[in-house]
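Chains as they are written, first to last, in the numbering used here: chain U, 7 to 205; chain R, 7 to 205; chain G, 7 to 205; chain C, 7 to 205; chain W, 7 to 205; chain D, 7 to 205.
All C-beta atoms in this analysis are idealised placements derived from N, C-alpha and C, irrespective of residue type, glycine included.
I have placed the structure first, in the form of structure tokens, so that the comments after it can refer back to it.
6 protein chains.
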Amino acid sequence: MTQNSPKPISRFPVPKLEELPEDVRARILAVQEKAGFVPNVFAVLARRPDEFRAFFAYHDALMVKEGGGLSKGEREMIVVATSAANDCHYCVIAHGALVRVYEKQPLLADQLATNYRKADITPRQRAMLDFAMKVALRSGEIDETDYARLREHGFSDEDGWDIASIAAFFGMSNRIANAVGMRPNDEFYLMGRVPRERR
Amino acid sequence: MTQNSPKPISRFPVPKLEELPEDVRARILAVQEKAGFVPNVFAVLARRPDEFRAFFAYHDALMVKEGGGLSKGEREMIVVATSAANDCHYCVIAHGALVRVYEKQPLLADQLATNYRKADITPRQRAMLDFAMKVALRSGEIDETDYARLREHGFSDEDGWDIASIAAFFGMSNRIANAVGMRPNDEFYLMGRVPRERR
Amino acid sequence: MTQNSPKPISRFPVPKLEELPEDVRARILAVQEKAGFVPNVFAVLARRPDEFRAFFAYHDALMVKEGGGLSKGEREMIVVATSAANDCHYCVIAHGALVRVYEKQPLLADQLATNYRKADITPRQRAMLDFAMKVALRSGEIDETDYARLREHGFSDEDGWDIASIAAFFGMSNRIANAVGMRPNDEFYLMGRVPRERR
Amino acid sequence: MTQNSPKPISRFPVPKLEELPEDVRARILAVQEKAGFVPNVFAVLARRPDEFRAFFAYHDALMVKEGGGLSKGEREMIVVATSAANDCHYCVIAHGALVRVYEKQPLLADQLATNYRKADITPRQRAMLDFAMKVALRSGEIDETDYARLREHGFSDEDGWDIASIAAFFGMSNRIANAVGMRPNDEFYLMGRVPRERR
Amino acid sequence: MTQNSPKPISRFPVPKLEELPEDVRARILAVQEKAGFVPNVFAVLARRPDEFRAFFAYHDALMVKEGGGLSKGEREMIVVATSAANDCHYCVIAHGALVRVYEKQPLLADQLATNYRKADITPRQRAMLDFAMKVALRSGEIDETDYARLREHGFSDEDGWDIASIAAFFGMSNRIANAVGMRPNDEFYLMGRVPRERR
Amino acid sequence: MTQNSPKPISRFPVPKLEELPEDVRARILAVQEKAGFVPNVFAVLARRPDEFRAFFAYHDALMVKEGGGLSKGEREMIVVATSAANDCHYCVIAHGALVRVYEKQPLLADQLATNYRKADITPRQRAMLDFAMKVALRSGEIDETDYARLREHGFSDEDGWDIASIAAFFGMSNRIANAVGMRPNDEFYLMGRVPRERR
């Protein structure tokens with residue numbers, strides 16, 4: 007794999023694509039095909055194939071699945087807001103790009119990353135993020151009143167599980183990214199900011 | 007699955023064993039065979055088979071793998087200390103049992119859960135836990151000096167990855183357990199406290 | 007006094023029983039008679055007889071007195087929950103034993119030490135512990151609404167004084183124990199966990 | 007006892023002097039004789055004679071005793087700095103008066119109450135207060151290095167015990183005063199600010 | 007300018023009065039005329055005339071202006087409470103003097119500096135200070151409910167702007183004073199404590 | 007003034023340009039001429055002309071002045087890092103644009119806003135930001151060692167004054183912007199991200 011920046015993308019060595027197990031390589035080639043580049047999280051985690059497989063299986067179960075009360079953009083909004091609370095470069099910048107792309111809203115990610123309470127979101131999304139932030143920062147205090155507030159905004163308890171699991175999964179991802187020094191690809195910074203035809 | 011306590015083990019419904027996909031059921035039967043009971047985390051997560059599979063695949067990649075500079079008991083020590091910082095009943099009590107069993111040290115888990123700085127551990131284990139707690143609580147501040155301190159105590163950088171990933175994975179587990187109201191099995195509380203022949 | 011562990015029970019020297027003033031020695035012999043061992047707090051504080059006397063006089067005024075709306079077990083519950091918030095080995099482990107013994111509830115102490123909000127307690131006990139934790143952690147914010155909430159759960163204002171004083175007294179005890187490196191006796195860890203007839 | 011202010015000095019009833027046990031009344035009359043008024047802590051705690059006796063016995067053992075490396079003024083400095091951290095009106099204002107009187111330094115108490123790091127104190131006193139503040143705020147982190155730093159400044163380990171016990175005792179006192187709404191006497195505010203001959 | 011204390015009033019050099027630009031010198035002479043001494047903030051900031059001018063222009067716009075729902079004493083109460091939260095010697099002590107002078111209440115400043123929740127203030131002033139403290143400590147959480155609470159106590163939204171701006175301006179002042187080591191004049195400590203005729 | 011967004015730019019009314027005092031209007035027209043739009047901070051503060059004048063006079067004294075050891079881009083880096091710590095939309099987004107423009111570095115502002123410790127900056131800039139963040143978050147702990155560390159990186163004490171004053175001034179600005187609900191102009195989000203010729 008060629009690093010797309012002269013700066014190291016991790017404090018750990020990054021494996022060559024041809025050295026990887028077939029399934030890991032296939033997953034990386036597929037994402038490269040779709041995105042036009044390899045997001046660094048794939049390159050950095052690939053050195054531990056079992057962890058790579060479990061990480062992306064969990065990711066897909068939460069973020070890619072169809073159905074449920076959360077749009078793909080809303081799931082990414084959870085990621086951006088909680089990752090900012092966890093001081094994680096990689097997730098704020100990479101998933102900020104996804105918020106812009108899915109929501110077709112070029113300003114939203116930067117708002118969420120700074121202060122989700124002042125972002126251009128609906129009251130329902132505010133309730134979703136309040137719950138997610140409580141999971142991220144004070145999960146030991148969650149109780150029935152938190153689920154009740156979600157229900158007032160039309161979320162089912164299954165949605166509550168989804169919100170909590172996304173906040174928890176990216177809480178893990180943030181800590182790993184911070185500990186191994188994972189750098190976001192330069193491509194993410196501009197993605198979704200400029201209308202397609204202008205690029 | 008029969009709940010081993012009259013108290014609910016989660017605020018979400020727990021599926022019947024016979025309703026589960028074959029691989030999930032097989033995993034549960036295997037752990038029941040080995041432990042003598044089904045730890046509630048298996049019963050609670052089974053309702054979401056994809057998440058169940060990813061969760062335990064990640065768990066096994068970090069906690070069960072052979073090799074590396076961390077003993078199984080030391081990995082469980084990381085879980086107990088960080089889970090206490092995250093106020094998680096399930097993980098402190100269930101993994102406290104594993105610390106007692108693996109380390110054959112009946113006092114250690116309670117010490118780690120209250121204040122790991124005063125526990126009966128080696129300076130090397132103290133360095134391991136300092137690193138793990140920084141991942142759990144202030145991962146955005148981790149830098150090269152943290153890895154240097156690990157190396158002074160004989161840990162490789164791969165061990166650093168392991169410590170960080172265990173702290174991060176259980177940071178996720180703690181948040182999910184807190185959010186879904188996961189209750190530890192009564193069996194865990196006494197496990198490893200009394201010599202086998204006395205029971 | 008013979009230390010009941012090869013580990014030092016304090017960073018300060020522990021006096022010999024025969025060197026102690028008569029009243030201090032008598033108190034220690036009495037507790038040894040009753041408990042079967044000398045809890046280390048007696049051994050550690052005995053080197054300062056005046057402080058020893060005042061400490062245990064205050065302790066007895068709050069914890070041993072008859073009457074009032076708090077059972078002995080509830081008073082110990084306050085000690086465990088607040089001592090966990092103060093990271094104190096000695097008090098969590100020694101008074102956790104007393105919670106188990108008084109309440110005849112082998113699981114409760116570990117629950118309270120990790121997250122009292124999720125423990126198997128009544129709403130009234132939850133209100134009692136919320137008040138105690140506010141005294142322990144944010145006493146400057148206590149106002150009339152806190153007493154009103156106690157009254158809703160049937161506590162008198164005198165009970166409020168008791169709860170506050172217990173939280174405050176053990177806040178002192180926690181800080182002294184932490185500062186002098188007081189180690190809990192090994193005996194406490196198992197006490198109250200196993201039914202008498204099985205031992 | 008006549009309250010020296012139209013504002014209540016506690017949310018609890020204050021007993022009449024003639025209703026008190028002989029020893030409690032004698033103690034109160036003695037302090038009134040010496041100070042010219044009854045500090046409210048005596049009036050407020052008197053309703054619980056056993057607690058009153060233990061409280062003042064402990065107080066005297068730490069604050070009045072002769073010998074040791076801490077002057078009376080330095081002991082009061084510990085009280086003011088830690089009580090400010092605990093947001094306690096009574097102790098900051100009453101013991102601030104004692105700092106001014108013992109140290110014959112009219113500015114020091116207000117400095118300590120706001121930010122002890124910038125107060126007009128010696129490096130040795132700064133080390134004393136750093137230790138006391140760690141006892142007050144993060145006692146679970148105290149270790150051998152804290153005692154070593156005290157020794158660098160000429161404090162013995164016995165002095166360390168004294169500093170820790172004073173910070174811990176007033177940590178209790180602060181919490182009780184905050185919980186029962188104890189009001190400092192108006193007399194304390196001006197005490198020690200104006201040279202005697204000018205009054 | 008002669009420093010009115012043998013202790014340095016700043017870690018930066020203090021300019022001579024005769025070296026200052028005419029307008030800066032005139033302002034300093036005017037305050038000296040009125041107060042009887044030069045408050046150190048004038049002496050310390052004078053070395054940067056442009057910053058001096060902007061600082062006092064802002065100060066005057068907020069603190070000296072006529073009209074609005076806040077008395078001069080109430081504005082100073084905001085300064086004392088928020089400056090205490092910011093650990094600033096200069097502002098707590100200098101503006102504490104102004105609270106005493108404007109409010110003719112010798113006890114109030116010390117109460118506000120320790121714990122404004124327990125101070126002798128009206129419910130309306132309590133609401134004012136709650137708003138100011140939220141601006142000082144958690145401004146990102148301010149929303150419409152905070153203004154609604156002000157209105158319940160008779161404050162207009164313009165008063166809200168005033169309260170917020172005073173808390174924000176002195177938040178700046180506190181940080182500058184702390185960073186440059188600004189020392190309050192000795193004169194402030196006693197000001198307003200003793201009735202005029204007694205001095 | 008026409009608002010450049012359908013969303014309100016403040017919870018307070020925004021004055022019409024023609025209603026403003028001549029000097030305020032002139033300043034606004036000048037910035038509009040230069041930037042191509044009126045940054046909302048000008049529009050929002052204009053309703054209080056005296057505060058407007060003082061605010062921008064202070065701003066210019068710190069941010070526009072020539073000389074000193076800080077480049078214009080470095081001053082804006084301080085604003086972005088500290089404003090992120092204060093959860094301020096307006097300042098992170100508006101001054102993030104200026105960091106990109108002055109530093110000709112399209113990635114830097116987003117990095118600083120998330121976690122300045124991991125940003126692409128020099129060790130000297132890291133020391134500058136460590137000092138600025140201490141001013142923003144714990145100014146009461148600043149002492150001589152902080153200035154010594156600045157000097158190790160080639161900063162003069164005058165530079166220290168500049169860094170502290172910028173962090174303090176924008177600490178004020180952040181709190182005002184948060185309290186009055188100031189919204190950043192949409193134009194800022196994209197500024198400096200795309201090379202000029204591509205737009």
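In summary, no residue of the region 97–126 of chain W has a CB separated from any CB of chain D by less than 8 Å.
The C-beta of Arg181(G) comes closer than 8 Å to at least one C-beta of chain C. Residues of chain R with a Cβ closer than 9 Å to the Cβ of Asp93(G) are, in chain order, Thr120, Asn121, Arg123, Lys124. Put simply, the CB of Tyr195(U) is near chain D, with a gap under 8 Å to one of its CB atoms. Taking the beta carbon of Gly74(U) as reference, no residue of chain G falls within 7 Å; the closest one sits roughly 27 Å away.
Residues of chain W with a Cβ closer than 9 Å to the Cβ of Gly146(G) are, in chain order, Thr120, Asn121, Arg123, Lys124. Residues Leu76, Ile84, Met134, Phe137, Ala138, Val141, Leu156, Phe161 of the same chain have their beta carbon placed closer than 8 Å to that of Ile169(D), with the five preceding and five following residues left out of the count. A Cβ of chain R is located within less than 8 Å of the beta carbon of Val200(G). Excluding five sequence positions before and after Gly187(D), the CB atoms of its chain that fall closer than 7 Å to its own CB belong to Ser16, Arg17, given in chain order.
By the C-beta density criterion, Thr128(W) is exposed, having fewer than 16 other C-beta atoms within 10 angstroms. The three-state secondary structure of Asp152(R), taken from DSSP, is helix.
A residue is called buried when at least 16 other Cβ atoms come within 10 angstroms of its Cβ; Val70(D) does not meet this threshold and is exposed. In the DSSP annotation of this structure, the continuous segment of the alpha helix (DSSP H) that includes Leu118(R) starts and ends at 114–121.
Only Gly146, Glu147, Asp149 from the region 139–164 of chain D bring a Cβ to less than 8 Å from some Cβ of chain C. Separation of Ile34(R) and His65(R) (C-alpha to C-alpha, rounded to the nearest whole angstrom) is 15 Å.
Counting the other Cβ atoms within 10 Å of the Cβ of Arg144(R) gives fewer than 16, which makes it exposed. When Cβ-Cβ separations below 8 Å define contact, Met69(R) makes no contact with chain U. Pairing Phe58(D) with Glu193(D) gives a Cβ-Cβ distance that is not under 8 Å. One finds nothing in chain G with a Cβ atom closer than 8 Å to the Cβ of Ala87(R); even the nearest lies about 12 Å away.
Taking each of Ala41(D), Arg31(D), Ala32(D), Glu24(D) in turn and checking the Cα distance to Asn191(D), the smallest one comes out for Ala41(D). If only uninterrupted beta strand (DSSP E) runs of at least 3 residues are considered, none is enclosed by the region 43–107 of chain U. In chain order, Thr120 make up the part of chain U whose C-beta sits under 7 Å from the C-beta of Ala90(D). In this structure, Gly146(R) places its C-beta atom within 8 Å of the C-beta atom of Asn184(U). A contact is defined here as three or more CB-CB pairs under 8 Å, and the region 16–32 of chain W meets this definition with respect to the region 48–55 of chain W.
With respect to chain G, the C-beta atom of Phe48(C) has no partner C-beta closer than 8 Å. Bounds of the alpha helix (DSSP H) holding Phe137(W) are 129–144. Assigned with DSSP and collapsed to three states, Leu23(R) falls in helix. Residue-level contact by beta carbon fails for Lys78(C) and chain W, as no gap is shorter than 8 Å. If you compare the alpha carbons of Gly177(U), Ser171(U), Ala173(U) with that of Ile172(R), the shortest gap goes to Gly177(U).
Note that the C-beta distance between His101(C) and Glu82(C) is below 8 Å. Taking the CA atoms as reference points, Gly74(D) sits about 56 Å from Pro45(C). The C-alpha of His95(R) is placed about 17 Å away from the C-alpha of Ala174(R). For Met134(G), not one C-beta of chain C is nearer than 8 Å to its own C-beta. The C-beta separation of Leu114(G) from Ala125(G) comes to about 6 Å, placing the pair in contact by the 8 Å criterion. Arg106(C) is not a Cβ neighbour of Arg199(W), given a cutoff of 8 Å. A straight-line Cα-Cα distance of about 15 Å links Gly166(D) and Lys78(D).
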